[in-house]
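> Sharing a structure, written as structure tokens. Questions coming.
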Amino acid sequence: MFLSVVIPTYNRLPILRQCLEALQRQWVAAPLLDYEVVVVDDGSTDATVAWIEAEQVQGGLDRVRLIRQEHAGPAAGRNNGVQASRGDVIVFIDSDLVVTERFLHSHATALSDDWRARGNQLCFTYGAVINTSNFQHPTAEPHKWRDLSWAYFATGNVAIARELLERAGLFDPAFRLYGWEDLELGERLHRLGVRLVRCPAAAGYHWHPPLSLDQIPRLIQVEQERSRMALVFFRKHPSRRVRFIIQYTWLHRLLWELLTLGGLLNERSLRPLLAWLIGHGQAALAMELLRLPLNRLGVRTLHRLARQNGI
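In terms of my numbering, the sequence shown opens at residue 32 and continues consecutively.
Next up, the structure:
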């Protein structure tokens with residue numbers, strides 16, 4: 032089995048370095064015969080391209096192939112990466128994921144075992160994603176209950192047969208902003224009867240900086256972008272299942288209104304408490320608290336956009 036790891040990236044050089052260095056150290060043994068890493072730079076304005084090219088000239092990153100594109104978003108980036116790849120299995124990860132040495136071997140083994148047991152390749156493996164703010168030693172983070180995900184197909188850590196991926200139609204480049212392009216492809220895979228095979232041994236450590244108050248405007252922007260892309264998702268798949276995935280129901284709207292006391296708990300009113308938590312080393316708890324008004328904002332924005340578009 033030959034694996035191609037496809038990684039879109041945009042201005043994430045510090046953590047991308049750790050990501051690629053970890054992928055250079057993968058353990059290769061049957062059923063994993065070999066692998067490559069296809070990095071798709073999405074028009075980065077930092078030193079991403081210069082660093083990768085310099086490393087390759089010096090003989091490092093010999094597994095890495097660099098593809099460049101104008102800034103078009105991760106959906107277009109992943110499609111370009113797949114089209115440029117040589118593997119019969121595609122592994123998708125994000126550029127802020129640092130993996131263990133048996134990461135690819137674990138994906139290959141789980142896929143091979145399921146193919147043999149079921150007699151077909153109608154599955155994909157979903158590895159564990161462990162959130163961490165530890166930049167120096169991301170893989171030292173323990174697995175936590177809030178790391179659990181119920182998403183069906185999330186490209187932070189999945190592996191799938193290339194032929195099956197192409198049959199589903201790859202990613203829709205209409206998803207230019209943040210969010211939902213992977214779950215939309217997942218909806219098409221789900222309709223093909225593709226199985227999700229959990230593979231916790233393929234562990235990846237998703238790094239993000241600890242919450243600070245100056246991140247809040249960007250987090251609000253991301254939530255608004257997700258709402259816009261959720262509407263694109265629903266237009267393609269106007270089903271009850273997708274309504275629940277994107278939280279486009281009155282139940283979700285009522286839930287977040289209740290949990291935020293009708294909006295009394297918002298990013299402004301919570302700011303002193305968030306600052307206190309961050310100052311006392313509880314940035315993760317502060318982030319969980321901030322998710323309440325962020326979710327309310329996302330759901331309200333989605334409903335407003337739907338009304339404006341006659342949906």
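Beta carbons are placed, not taken as given, at the ideal position from N, Cα and C, and that holds for glycine.
Please state whether DSSP places Arg56 in a helix, a strand or coil.
Residue state, collapsed to three classes: coil.
> Answer yes or no: do Leu244 and Ala306 have a C-beta to C-beta separation smaller than 8 Å?
Taking 8 Å as the Cβ cut-off, Leu244 and Ala306 qualify as a contacting pair.
> For Phe275, name the three-state secondary structure that DSSP assigns.
Helix.
> Within a Cβ cutoff of 7 Å, which residues of the same chain sit near Val225, ignoring the five residues on either side of it in sequence?
Excluding sequence neighbours, Val225 sits near Leu153, Cys154, Phe155 and Leu195.
> Along the chain, where does the alpha helix (DSSP H) that runs through Gly108 open and close?
Pro105 to Ala115 is the span of the alpha helix (DSSP H), which, as asked, contains Gly108.
> Looking at C-alpha atoms only, which residue of Arg338, Glu319 and Pro324 is the closest neighbour of Trp176?
Of the listed residues, the one whose Cα sits closest to Trp176 is Glu319.
> Please report how far the alpha carbon of Arg198 lies from the alpha carbon of Leu51, in whole angstroms.
Approximately 29 Å, taken between the alpha carbons.
> For Glu101, count neighbouring Cβ atoms within 10 angstroms of its own Cβ and tell me buried if that reaches 16, exposed if not.
Exposed, since its Cβ has fewer than 16 Cβ neighbours within 10 Å.
> Go ahead and label Thr332 buried or exposed: buried means 16 or more other beta carbons lie within 10 angstroms of its beta carbon, across all protein chains shown.
With 16 or more other Cβ atoms within 10 Å, it is buried.
> Hey, could you find the ends of the alpha helix (DSSP H) Phe155 is sitting in?
Element bounds for Phe155: not the alpha helix (DSSP H) but the beta strand (DSSP E), Cys154 to Thr163.
> Hey, Trp211 and Phe134: beta-carbon distance below 8 Å or not?
In this structure, Phe134 does not lie closer than 8 Å to Trp211 by Cβ.
> Which one of Gly187, Ala171, Thr280 and Arg257 has the shortest CA to CA distance from Phe206?
Nearest of Gly187, Ala171, Thr280 and Arg257 to Phe206, Cα basis: Arg257.
> Arg147: buried (16+ other C-beta within 10 angstroms of its C-beta) or exposed?
Exposed: under 16 other Cβ atoms inside 10 Å.
> Looking only at DSSP bridge pairs, what is Asp73 linked to?
Gln100.
> Please report how far the alpha carbon of Asp203 lies from the alpha carbon of Ala107, in whole angstroms.
So the alpha carbons of these two residues sit roughly 7 Å apart.
> To test your reading of the DSSP string, which unbroken alpha helix (DSSP H) runs of 4 or more residues are found completely within the segment 189-258?
Listed in chain order, they are 193-199 and 212-222.
> Residues bridged to Ile46 by DSSP?
Answer by DSSP bridge pairing: none, since Ile46 is not bridged.
> If we ignore side chains and look at the alpha-carbon of each, how far apart do Arg338 and Val330 end up?
Their backbone Cα atoms lie some 13 Å apart in a straight line.
> Check whether the segment 276-286 touches the segment 249-256, counting contact only when three or more Cβ pairs, one atom from each stretch, lie closer than 8 Å.
The segment 276-286 is not in contact with the segment 249-256.
> Taking the beta carbon of Arg299 as the centre, do at least 16 other beta carbons fall within 10 Å, making it buried, or is it exposed?
The residue in question, Arg299, is exposed, as its Cβ has fewer than 16 Cβ neighbours within 10 Å.
> Just grab the DSSP bridge partners of Ser35 for me.
In the DSSP output, where bridge partners are listed per residue, Ser35 has Glu67 and Ile121.
> What did DSSP end up calling Leu292 once you bin it into helix, strand or coil?
DSSP places Leu292 in coil when its eight states are reduced to three.
> Report the option in Gly90, Ala232, Asn165 and Asn42 whose CA atom is closest to the CA atom of Arg99.
Residue Asn42 is the option with its Cα nearest to Arg99.
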